[in-house]
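Taking it in order: structure first as structure tokens, then the write-up.
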Amino acid sequence: MSDKRKNELSINIKEVREEIDRLALAANRNPQDISLICVGKNYSLTDILLANEVGATEFGENRVQELQQKQAIYAKLPDDKQRQYKINWHFIGTLQRNKVKDIVGKVKLIHSVHSIKLIKQISRVSVRFNVVSEILLQINVSQELSKQGLYVDQLETAINVVLQSPNLCLRGLMTMAPYYSDPADAEPLFAKTKELLAKYQPMVGSHFNQLSMGMSNDYQYAIAQGATMIRIGTRIFGARNSVGINN
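The sequence shown begins at 7 in my numbering and counts up by one.
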């Protein structure tokens with residue numbers, strides 16, 4: 007079964023990467039500038055390890071508890087087994103302030119920093135743990151009430167708070183488009199996010215150069231507008247279910 011599943015994942019990852027290459031070249035971009043974040047929500051650690059074996063290295067998790075459980079299972083693997091894998095964890099879901107202590111120092115990048123209070127909490131915990139946390143600010147460009155994120159007119163204030171907070175490194179912006187029956191309708195929102203990155207890069211520095219935007223249904227439009235990280239789950243792992251993650 008694992009060989010069959012590994013082959014499925016290999017095919018899916020190859021197809022997505024070929025599509026990324028095609029879309030990047032069509033937009034006069036270097037495909038190497040675009041990272042594929044494989045979203046592991048409701049998928050097993052076994053799936054993640056199999057995907058890693060066929061070349062995927064960046065994995066995003068939406069829920070703190072699920073991330074903790076997967077990392078705990080991984081930590082119990084024999085050392086020689088762990089050395090076979092190269093896994094970079096990203097946190098991409100809604101992050102509550104009381105959960106910050108559970109992920110600081112345990113992920114490569116926190117994509118979904120959506121408020122000034124959260125910025126300050128990540129800074130405090132990072133100082134306590136003596137680590138530098140790399141973060142993205144989540145922007146709610148569409149101003150949907152149902153979505154987390156800073157509004158455009160709050161962004162400059164939030165950036166200043168990050169710059170004044172110790173043990174934080176601001177790498178860029180993240181956004182989620184609303185669901186559109188025609189995914190092309192998301193492109194103006196991605197374009198606006200790209201404009202904001204360019205506007206504030208002189209203020210932050212050249213390392214402020216990451217755009218996390220685009221998912222399985224709309225990533226082609228995100229790539230056209232400069233996405234450097236796309237978050238893909240179902241296109242790689244297949245239909246989600248709610249079975250235990252220990253499988």
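From the three backbone atoms N, C-alpha and C, an ideal C-beta is built for every residue, glycine too.
{"Asked": "Going by Cα to Cα distance, which pick from N166, K12, R134 and E140 is closest to V113?", "Found": "E140"}
{"Asked": "To the nearest angstrom, how far is the alpha carbon of I93 from that of E64?", "Found": "6 Å"}
{"Asked": "Tell me whether the beta-carbon of G178 lies closer than 7 Å to the beta-carbon of L124.", "Found": "no"}
{"Asked": "Given this structure, state the Cα-to-Cα distance separating F214 from K82, to the nearest angstrom.", "Found": "36 Å"}
{"Asked": "Just the C-alpha distance for R237 and V110, rounded to the nearest angstrom, thanks.", "Found": "21 Å"}
{"Asked": "Can you give me the C-alpha to C-alpha distance between E264 and Y91, rounded to a whole angstrom?", "Found": "The first residue shown for the chain is 7 and the last is 253, placing residue 264 beyond what the model contains."}
{"Asked": "Closest to I165 by CA distance: which of N136, K205 and F97 is it?", "Found": "K205"}
{"Asked": "Please list the segments of the alpha helix (DSSP H) lying wholly inside the segment 94 to 161, counting only runs of 4 or more residues, in order along the chain.", "Found": "122 to 135"}
{"Asked": "Check whether the Cβ atoms of V131 and K105 lie closer than 7 Å to each other.", "Found": "no"}
{"Asked": "So what's I40 in DSSP terms, helix, strand or just coil?", "Found": "coil"}
{"Asked": "Is it the case that the segment 25 to 44 contacts the segment 226 to 236, given that we only count it when at least three CB pairs across the two stretches are under 8 Å?", "Found": "yes"}
{"Asked": "If I follow the unbroken alpha helix (DSSP H) through Q74, where does it start and stop?", "Found": "V70 to A81"}
{"Asked": "In terms of residues, what are the limits of the beta strand (DSSP E) holding T240?", "Found": "Note, T240: premise wrong, no beta strand (DSSP E); alpha helix (DSSP H) at T240 to F243."}
{"Asked": "Between which residues of its own chain and G220 is the CB-CB distance below 6 Å, once the five residues before and five after are set aside?", "Found": "A228, A233 and I236"}
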